[in-house]
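Numbering (my numbering), first residue to last: 6 to 570.
Using N, Cα and C, we set each Cβ at its ideal position, and we do this for glycine too.
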Ligand code: SRM
Ligand code: SF4
């Protein structure tokens, strides 16, 4: 066992610094107080992640020297925001960030381009809005996902409440966050509560790596639940939540050329009633805490523990830790992922509006003043903003009376509420990659829209224009836009070069597989042309692209490019 206390000498540097400063305070407050400082020390760059921050630099500007900026990620359980919270975030993007809000694939919002001198105020104001950034990143439980769409079952509200309960229960307890960001002082180490602090749940060295939880209500898998370390799959009978099937061991991240790392979908291990979800969450989290690999951060996720020790072992450990016995999993089926665009009735009779946001980037441009329009909605209407894991936003709880006014407001800003996105664009995801992400090997958010246009044209020429293919792109293999669950994915290898993965399905219950390893931008469409043509000709009635490629192309002899992978 590799528990925090018994972790051997081979542990990573991250483990050593967590053990040395379990409050996670580092020297963050001192850096913030120094008007001359524009960056954090190397160790503090690890601590600030637990506070929801990343130090980055604008990679477009590197030739003229590094300009340090921060990325700040909110912690927004289930992605639900009040109008006042939206207003705060909208203001802060303009006054403290780069003028945009980036909706993430985990129902949160990121600010990019925050300079050191603005950081303290930004985080304080997020907290004043009653949201937080604590544990948005770092070796802890991250933002907990919940299904955002209020159209199918009243049980959605109970499931959302459970999501918030779990998120609260797994929050790290250090006082450093409050001292640094709210009080604006160094953590008082003369106070024994701080001096001898060890987190009661996480222990001295927290988790070996990040930990992710999602709630979902079948048949819509709109959160990609099986890509999470822990999934709660709601079982709803007669509009009532009766419990959850538990899924463990999902994750997307991998590294090029390292077979020890791979994407994995979570295994369903049994059923529990809603009153036991906190026990289960803590049991699975501590399983990761105690058995995760603390010597190799690339191999430190729970999915590797589950894969290597086996599901039977994991189920028994979780049962023992939670003090329960799982019932057999109840039948459930996922038929599709994705969001609903446009106006739809909620189960309570009110309305919600699904708004498409290309790659989650909320901004104004010449054609469409999307950011301003959302801001004005938050100023004028008592609605709820719900962020989706597909990087979109829903305006929920709209009354009959307000629907028309919201339509008018959006139209006045060039925002469509019908036919908002073509099928490929509407189902696509791209991670931020360049210029902010320090790990990007290739473009993603800035590159995918143009590629989608070319692919849609190819689909039309091939004879299936107007149909959807779920396309996802990431600038590196870490998997932030969950590419390995897409029907067609592009994973960055080097500038202008991508791997092509084929074969995911509509419900995100099957991983795709590598098809081509290193395709240059100008070769992408020519490589896919024969595939699209064959798909149009050979598919069975109603057969999706991912299902067809999984059944055909991927079982044919490997091309030289794939063989070299
Ligand atoms: Fe991610 C690291 C962006 C969801 C797997 N992710 C990063 C960093 C912080 C880069 C870094 O470490 O320096 C990226 C910041 C880029 C930037 O400039 O903003 C980053 N990840 C994102 C976001 C913003 C992508 C997006 O398009 O929205 C998502 C923020 C979610 C949130 O609000 O919490 C985001 N990241 C994901 C997901 C999807 C999910 O959770 O459903 C995954 C795959 C699922 C998983 O965890 O397995 C994901 N991100 C990673 C990894 C690989 C972890 C691994 O197991 O190996 C890294 C690399 C790392 O942690 O060292 C990473
Ligand atoms: Fe950065 Fe890679 Fe994540 Fe994209 S997938 S945001 S390039 S870490």
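Annotated as distal: residue 349 and residue 224, with beta-carbon spacing of 9 Å or more. Rounded to whole angstroms, the gap between the alpha carbons of residue 119 and residue 33 is 16 Å. Annotation: residue 365 to residue 397 spans about 6 Å, alpha carbon to alpha carbon. The closest CA to that of residue 377, considering only 417, 406, 529, 388, is found on 417. CA-to-CA, the gap between residue 467 and residue 428 works out to about 15 Å.
Ligand 2 has a heavy atom closer than 8 Å to the beta-carbon of residue 442. Residue 140 and residue 176 have their alpha carbons spaced roughly 7 Å apart.
For residue 479, the secondary structure class from DSSP, reduced to helix, strand or coil, is strand. Excluding five sequence positions before and after residue 165, the CB atoms of its chain that fall closer than 6 Å to its own CB belong to 83, 151, given in chain order. At a cut-off of 3 residues, the continuous stretches assigned as beta strand (DSSP E) that sit fully inside the stretch 391-419 are 398-403. Judged by DSSP secondary structure, residue 285 falls within the alpha helix (DSSP H) whose first and last residues are 282-296.
For residue 81, there is no enclosing alpha helix (DSSP H), as DSSP marks it with neither H nor E. Here the alpha carbon of residue 210 sits roughly 5 Å from the alpha carbon of residue 24. Looking at 479, 520, 115, the one whose alpha-carbon comes closest to that of residue 559 is 520.
Here residue 490 is near residue 342, since their CB atoms are less than 9 Å apart.
9 Å or more divides the Cβ of residue 510 from the Cβ of residue 458.
Per DSSP, reduced to three states, the secondary structure at residue 337 is coil, with no helix or strand assignment.
In the DSSP annotation of this structure, the continuous segment of the beta strand (DSSP E) that includes residue 242 starts and ends at 235-242.
In the same chain as residue 95, and ignoring 5 residues on each side of it, the C-beta atoms closer than 6 Å to its own belong to 380, in chain order. Restricting attention to 324, 77, 215, the CA atom closest to the CA of residue 308 is found in 215.
Inclusion of residue 487 and residue 257 in the CB contact set at 9 Å is warranted, their separation being smaller than that value. When DSSP reads this structure, residue 521 sits in a beta bridge with 505.
Remark: the C-beta of residue 365 is outside contact range of ligand 2, defined as less than 8 Å to any heavy atom. In this structure, the alpha-carbon of residue 181 lies about 7 Å from that of residue 29. Look at residue 58: its beta carbon is at least 8 Å from all of the heavy atoms in ligand 2.
Residue 353 counts as exposed, since fewer than 16 other C-beta atoms from the protein chains shown sit within 10 angstroms of its C-beta. Close CB contacts of residue 446 within its chain, under the 7 Å cut and outside five residues either way in sequence, are with 480, 481, 497, 498, 499 (chain order). In the structure shown, residue 35 falls within a helical segment according to DSSP collapsed to helix, strand and coil.
In the displayed model, residue 359 falls within a strand according to three-state DSSP.
According to the DSSP assignment, residue 276 belongs to the beta strand (DSSP E) that extends over 272-277. Here the C-alpha atom of residue 39 lies approximately 16 Å from the C-alpha atom of residue 75. The stretch 121-139 and the stretch 186-195 touch, with three or more beta-carbon pairs separated by less than 8 Å. Taking non-hydrogen atoms of ligand 1 into account, the C-beta of residue 347 is found less than 8 Å away from none of them. Proximity of the beta carbon of residue 482 to ligand 2 is indicated: a heavy atom of the ligand is located closer than 8 Å.
In this model, residue 155 and residue 116 are separated by some 27 Å (Cα to Cα). When C-alpha distances from residue 538 are compared across 311, 44, 470, 494, the shortest belongs to 470.
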